[in-house]
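J.: Heads up: the protein sequence lines correspond to chains A and B, in order. As numbered in our numbering, the first sequence has no gaps in its residue numbers, which increase by one up to the final residue, 464. As numbered in our numbering, the second sequence has no gaps in its residue numbers, which increase by one up to the final residue, 196. No residue lacks a Cβ here, since even glycine has one placed at the ideal position from N, Cα and C. Model, not experiment: these values are computed from the prediction.
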Amino acid sequence: AQTVTQSQPEMSVQEAETVTLSCTYDTSESDYYLFWYKQPPSRQMILVIRQEAYKQQNATENRFSVNFQKAAKSFSLKISDSQLGDAAMYFCAYPSNFGNEKLTFGTGTRLTIIP
Amino acid sequence: DTGVSQDPRHKITKRGQNVTFRCDPISEHNRLYWYRQTLGQGPEFLTYFQNEAQLEKSRLLSDRFSAERPKGSFSTLEIQRTEQGDSAMYLCASSPLGQGSHEQYFGPGTRLTVT
């Protein structure tokens with residue numbers, strides 16, 4: 350069974366600083382995708398960044414980047430120049446490869462931005 | 082069309098009552114998912130539709146739960162004889178059908194409280 354583990358229930362960072370959220374996963378697949386989703390308080394969950402496992406280059410979206418270590422099954426999210434609007438729950442997620450692409454989520458990391 | 086919508090946003094019901102939730106996906110999206118999220122946890126997959134066909138149901142979906150997607154448009158999730166353990170946020174998501182792994186667009190959720 351696929352599992353996704355986020356070992357940091359809560360993290361905090363000073364505004365404008367950099368923070369890294371960790372995620373590990375377990376899969377027997379060789380080709381797959383990984384996602385980071387953001388869930389702001391009382392707001393909808395949105396996709397932050399996506400990584401394709403067959404691509405060696407780490408994905409980057411503006412201030413958000415990942416450190417993807419396929420052999421270690423590690424997928425961490427780095428947020429640079431943290432902003433107050435980054436405060437949210439962050440979930441690492443793994444979509445099933447078996448046609449339905451249902452997502453398996455980690456337990457999440459609550460990120461607090463300190464002004 | 083501005084995104085996935087869910088109705089109601091909040092529902093308080095007494096144990097033993099039936100409840101029904103509605104999800105309107107993004108109009109051109111073939112895939113529709115239901116997830117359940119309890120406090121402090123990541124969302125857990127419940128069921129998946131491709132157009133009007135319900136293609137997968139999680140073991141979490143007991144026989145008190147039923148979901149439909151008539152005509153492949155909106156979907157409903159019904160819980161019969163609600164129990165206190167059903168209290169959770171019920172999230173709906175939709176995505177297009179195609180090659181590769183696609184972002185799932187989430188609705189705001191329906192928060193169910195069973196008293």
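Would the beta-carbon of residue 536 of chain A fall within 9 Å of that of residue 436 of chain A?
T.: Residue numbering for chain A in the displayed model covers 350 to 464; residue 536 of chain A lies beyond these limits and cannot be assessed.
J.: Let's test the definition: count the other Cβ atoms within 10 Å of the Cβ of residue 386 of chain A and tell me whether it reaches 16, buried, or not, exposed.
T.: That one is buried.
J.: Would you mind telling me which residues of chain B sit closer than 7 Å to residue 440 of chain A, beta carbon to beta carbon, in chain order?
T.: Residues of chain B passing the Cβ test: 123.
J.: So, using beta-carbon positions, are residue 169 of chain B and residue 119 of chain B closer together than 9 Å?
T.: It is a contact, given that the beta carbons lie within the stated cut-off.
J.: Using three-state DSSP, classify residue 138 of chain B as helix, strand or coil.
T.: The answer is strand: DSSP assigns residue 138 of chain B an E or B state.
J.: Does the beta-carbon of residue 178 of chain B have 16 or more other beta-carbons within 10 angstroms, so that it is buried, or is it exposed?
T.: Exposed, because fewer than 16 other Cβ atoms sit within 10 Å of the Cβ of residue 178 of chain B.
J.: Could you tell me if residue 414 of chain A is buried or exposed, where buried requires 16 or more neighbouring beta carbons within 10 angstroms of its beta carbon?
T.: So residue 414 of chain A ends up on the buried side.
J.: For residue 458 of chain A, return the contacting residues in chain B, with the cut-off set at a CB-CB distance below 9 Å.
T.: What residue 458 of chain A touches in chain B: nothing, since even the nearest Cβ is about 10 Å away.
J.: Would you mind telling me which residues of chain A sit closer than 7 Å to residue 188 of chain B, beta carbon to beta carbon, in chain order?
T.: The contacting residues are 393.
J.: Output the distance between the C-alpha atoms of residue 105 of chain B and residue 445 of chain A, rounded to the nearest integer angstrom.
T.: For residue 105 of chain B and residue 445 of chain A, the distance between alpha carbons rounds to 23 Å.
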